[in-house]
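Line by line, the protein sequences are chains A and B. Those letters in the first sequence? Residues 1 to 361, by full-length UniProt numbering. Those letters in the second sequence? Residues 1 to 128, by full-length UniProt numbering. Ideal placement from N, C-alpha and C gives every residue a C-beta, glycine not left out. No experiment lies behind these values; they were computed from the predicted model shown.
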Amino acid sequence: MTRRTPLNEAHRKLGARMVDFAGWDMPVQYSSLTAEHEAVRTAVGLFDVSHMGEIEFTGPGALETVNRLISNDLARCQDGQAVYAGLLNDLGGFVDDVVAYRFSPERILICVNSSNREKDFAWMNARAEGVKPVDKSDDYAQIAIQGPKAVGLVQRLTKSDLSQVGTYRFTEGEVAGVKAIISRTGYTGEDGFELYCAAGDAVKLWDALLEAGQPDGVKACGLGARDSLRTEMKYALYGNDIDDAHTALEAGLGWIVKLDKAGGFIGKDALAAQKAAGVPRKLVGFELTDKGIPRHGYSVLKNGERVGEVTSGTMGPTVKKSIGMAYVPANLAAEGSTFDVDIRGRAVPAIVVKTPFLKKS
Amino acid sequence: MADNVPQDLKYTQEHEWARVSGKIVVVGITHHAQQTLGDIVYVELPKLGAQVTAGDSFGTVESVKAVSELFAPISGKVVKVNDELVASPEDINTEPYGDGWLVEIELSDAGQLSNLLDAAAYEKLIKE
Numbered sequence: 001m002t003r004r005t006p007l008n009e010a011h012r013k014l015g016a017r018m019v020d021f022a023g024w025d026m027p028v029q030y031s032s033l034t035a036e037h038e039a040v041r042t043a044v045g046l047f048d049v050s051h052m053g054e055i056e057f058t059g060p061g062a063l064e065t066v067n068r069l070i071s072n073d074l075a076r077c078q079d080g081q082a083v084y085a086g087l088l089n090d091l092g093g094f095v096d097d098v099v100a101y102r103f104s105p106e107r108i109l110i111c112v113n114s115s116n117r118e119k120d121f122a123w124m125n126a127r128a129e130g131v132k133p134v135d136k137s138d139d140y141a142q143i144a145i146q147g148p149k150a151v152g153l154v155q156r157l158t159k160s161d162l163s164q165v166g167t168y169r170f171t172e173g174e175v176a177g178v179k180a181i182i183s184r185t186g187y188t189g190e191d192g193f194e195l196y197c198a199a200g201d202a203v204k205l206w207d208a209l210l211e212a213g214q215p216d217g218v219k220a221c222g223l224g225a226r227d228s229l230r231t232e233m234k235y236a237l238y239g240n241d242i243d244d245a246h247t248a249l250e251a252g253l254g255w256i257v258k259l260d261k262a263g264g265f266i267g268k269d270a271l272a273a274q275k276a277a278g279v280p281r282k283l284v285g286f287e288l289t290d291k292g293i294p295r296h297g298y299s300v301l302k303n304g305e306r307v308g309e310v311t312s313g314t315m316g317p318t319v320k321k322s323i324g325m326a327y328v329p330a331n332l333a334a335e336g337s338t339f340d341v342d343i344r345g346r347a348v349p350a351i352v353v354k355t356p357f358l359k360k361s
Numbered sequence: 001m002a003d004n005v006p007q008d009l010k011y012t013q014e015h016e017w018a019r020v021s022g023k024i025v026v027v028g029i030t031h032h033a034q035q036t037l038g039d040i041v042y043v044e045l046p047k048l049g050a051q052v053t054a055g056d057s058f059g060t061v062e063s064v065k066a067v068s069e070l071f072a073p074i075s076g077k078v079v080k081v082n083d084e085l086v087a088s089p090e091d092i093n094t095e096p097y098g099d100g101w102l103v104e105i106e107l108s109d110a111g112q113l114s115n116l117l118d119a120a121a122y123e124k125l126i127k128e
């Protein structure tokens, strides 16, 4: 059965085009994908991300339990800090990519991808030595407010001092009279917040943000803009750029892998071995140097031979270039390396470039 | 909306339109098609002089999210190509029946026109 977020009706009232996304009835766009993309780059955009899952670990030993499940190190964080991390399999590939929130050593919340919620919960439950996870996904709604005017907008609706909430930090407070976790995180490359509130409060919060954001030119934004925004930043998408068959090192996410952390983590041995032996293929960012749009699943060719695969690609609305990510052999991964992308039978030349594609001034 | 399906055009099941004047047929994609595709960012059209066959793909149109094949409403020779679309593919979104036209085809068999939908039949199709 198709799942709906608490904001489903609100999207329909705004005239959103709804699509099935991993079993959820979600807005792909309201007006125009590029207009929504630009709103986030230049003003502020709202995203309903209530389909994401929230899994909680509460009680003595929660921190230690979670830290063995994730690749990043939550023990090095302070309370009120969040980290991006992988849940990795024994081979160092991704079960999922997550954000872990440390409220205290005895309360950790993990935000997981909607499509992986049940899988992640079962995986964590089977491997958690100590505290057991609780799936709180149905209790929470989540709204992302992203863009250069996002902080000002949220600040007008809360008494919490947001200047004290740094990047990847969070606080608990009220926004528009709604109790919320106010997290300075996001998936667009812009400043902003992700607000977690009770599912029953989502409409009130959404409406308040839309109304208060009118002077800022706020736009409701769909999954289409979310995808083009994250692609310009080379943020990985589970199922496209990362999966169980590619390791975190191959995905270029070595920075979320803390091989030296106390207690270790699942997948550590495989990654340590791969690091020592050399990473055979890498996820690179590339631009097409001729016309066309690279898309998920297209082949990467070198001298006519298939050597890799495009994982994500788009015409970047802000960078105004055809950009993409692809797994390629390590010898083609350096900046300036060239290869072709097979676009429906046409070999279109591409060059590996430095990422993110969007260069912030 | 009736004005999004001009009464004087012919249509395909695949959402192309055809404006027929004598042996020359101007081809584009419909308002409904561009709306479904979303923001169009790239168009691949045949070369001048190319032969196209009714029902076969003669190019592609790409929006940020999707690729869509273009199907020839009729067979014939491409006698004009809208090169402006290389620089401004968004014309297809803003003026699908105007500046967003794709190609002009010289008909090889006028009998094929009877295979196309009229405005009423196309309106019915997109309402289904």
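If you measure between the beta carbons of residue i and residue j, is that distance less than 9 Å?
{"i": "Thr-5 of chain A", "j": "Ala-202 of chain A", "result": "yes"}
{"i": "Thr-34 of chain A", "j": "Gly-217 of chain A", "result": "no"}
{"i": "Val-43 of chain B", "j": "Pro-73 of chain B", "result": "no"}
{"i": "Leu-37 of chain B", "j": "Asn-82 of chain B", "result": "no"}
{"i": "Leu-69 of chain A", "j": "Ile-143 of chain A", "result": "no"}
{"i": "Pro-317 of chain A", "j": "Asp-99 of chain B", "result": "no"}
{"i": "Ala-212 of chain A", "j": "Leu-162 of chain A", "result": "no"}
{"i": "Tyr-298 of chain A", "j": "Val-307 of chain A", "result": "no"}
{"i": "Glu-36 of chain A", "j": "Gly-192 of chain A", "result": "no"}
{"i": "Ala-225 of chain A", "j": "Leu-14 of chain A", "result": "no"}
{"i": "Ala-39 of chain A", "j": "Gly-147 of chain A", "result": "yes"}
{"i": "Val-353 of chain A", "j": "Asn-72 of chain A", "result": "no"}
{"i": "Val-328 of chain A", "j": "Val-348 of chain A", "result": "no"}
{"i": "Phe-286 of chain A", "j": "Ile-351 of chain A", "result": "yes"}
{"i": "Leu-157 of chain A", "j": "Leu-209 of chain A", "result": "yes"}
{"i": "Asp-227 of chain A", "j": "Lys-65 of chain B", "result": "yes"}
{"i": "residue 403 of chain A", "j": "Gly-267 of chain A", "result": "Chain A is shown from 1 up to 361; residue 403 of chain A falls before or after that span and cannot be answered."}
{"i": "Pro-105 of chain A", "j": "Glu-56 of chain A", "result": "no"}
Could one say the Cβ of residue i lies closer than 9 Å to chain A's Cβ atoms, at least one of them?
{"i": "Asn-82 of chain B", "result": "no"}
{"i": "Ala-121 of chain B", "result": "no"}
{"i": "Val-5 of chain B", "result": "no"}
{"i": "Val-86 of chain B", "result": "yes"}
{"i": "Glu-128 of chain B", "result": "no"}
{"i": "Asn-93 of chain B", "result": "yes"}
{"i": "Met-1 of chain B", "result": "Since pLDDT at Met-1 of chain B reaches only 44, below the 50 mark, its modelled position is unreliable, and the value read off the structure follows with that caveat. Chain A, which has no Cβ nearer than 9 Å to the Cβ of Met-1 of chain B, makes this no."}
{"i": "Glu-44 of chain B", "result": "yes"}
{"i": "Thr-60 of chain B", "result": "yes"}
If you measure from the beta carbon of residue i to each beta carbon in chain B, is any gap under 9 Å?
{"i": "residue 363 of chain A", "result": "Since the displayed chain A opens at 1 and closes at 361, residue 363 of chain A lies outside it and no answer follows."}
{"i": "Asp-20 of chain A", "result": "no"}
{"i": "Ile-323 of chain A", "result": "no"}
{"i": "Gly-224 of chain A", "result": "yes"}
{"i": "Asp-25 of chain A", "result": "no"}
{"i": "residue 365 of chain A", "result": "Nothing can be reported for residue 365 of chain A, as the shown portion of chain A is limited to 1 through 361."}
{"i": "Gln-81 of chain A", "result": "no"}
{"i": "Asp-241 of chain A", "result": "no"}
{"i": "Arg-41 of chain A", "result": "no"}
{"i": "Asp-207 of chain A", "result": "no"}
{"i": "Arg-344 of chain A", "result": "yes"}
{"i": "Leu-14 of chain A", "result": "no"}
Name the chain A residues whose beta carbon is nearer than 7 Å to that of residue i?
{"i": "Tyr-97 of chain B", "result": "Ordered by position in chain A, no residue passes the 7 Å Cβ test against Tyr-97 of chain B, which lies about 19 Å from the chain."}
Starting from residue i, find everything on chain A with Cβ-Cβ shorter than 9 Å and list it in chain order.
{"i": "Lys-47 of chain B", "result": "Simply none; closest approach about 14 Å."}
Residue i versus chain B: which residues are under 9 Å apart at the beta carbon?
{"i": "Thr-314 of chain A", "result": "Val-41, Val-64 and Lys-65"}
{"i": "Leu-33 of chain A", "result": "Gly-38, Asp-39, Ser-63, Val-64 and Lys-65"}
Under 8 Å by Cβ, that's how I've got residue i and residue j pegged, so tell me the actual separation to the nearest angstrom.
{"i": "Val-83 of chain A", "j": "Asn-89 of chain A", "result": "The Cβ separation is near 19 Å, so there is no contact."}
{"i": "Ile-293 of chain A", "j": "Glu-62 of chain B", "result": "5 Å"}
{"i": "Gly-92 of chain A", "j": "Gln-214 of chain A", "result": "Wrong, their Cβ atoms sit about 47 Å apart, outside the cutoff."}
{"i": "Asp-97 of chain A", "j": "Tyr-238 of chain A", "result": "6 Å"}
{"i": "Ser-108 of chain B", "j": "Ser-75 of chain B", "result": "5 Å"}
{"i": "Gly-264 of chain A", "j": "Phe-170 of chain A", "result": "No, Gly-264 of chain A and Phe-170 of chain A are not in contact; Cβ-Cβ is about 27 Å, not under 8 Å."}
{"i": "Glu-250 of chain A", "j": "Lys-282 of chain A", "result": "6 Å"}
{"i": "Tyr-187 of chain A", "j": "Tyr-140 of chain A", "result": "Not really, about 17 Å apart at Cβ, beyond 8 Å."}
{"i": "Asn-113 of chain A", "j": "Met-52 of chain A", "result": "7 Å"}
{"i": "Met-18 of chain A", "j": "Val-41 of chain B", "result": "The Cβ separation is near 23 Å, so there is no contact."}
{"i": "Val-70 of chain B", "j": "Glu-16 of chain B", "result": "According to the sequence as given, residue 70 of chain B is Leu; it is not Val. Indeed, because the Cβ distance is near 7 Å, the residues count as touching under 8 Å."}
Which residues in chain B have a C-beta closer than 7 Å to the C-beta of residue i? List them in chain order.
{"i": "Gln-29 of chain A", "result": "Gly-38"}
Using a cut-off of 8 Å between C-beta atoms, extract the partners of residue i located in chain B.
{"i": "Ser-183 of chain A", "result": "Those do not exist, as Ser-183 of chain A stays about 28 Å from chain B at its closest Cβ, beyond 8 Å."}
{"i": "Ser-228 of chain A", "result": "Val-64"}
**Request:** Report the residues of the segment 278-309 of chain A with a CB closer than 8 Å to any CB of chain B, ordered along the chain.
**Result:** Here the close residues are Lys-291, Gly-292, Ile-293 and Arg-295.
**Within 8 Å of chain A by C-beta, residues of the segment 25-40 of chain B in sequence order** = So the close ones are Gly-38 and Asp-39.
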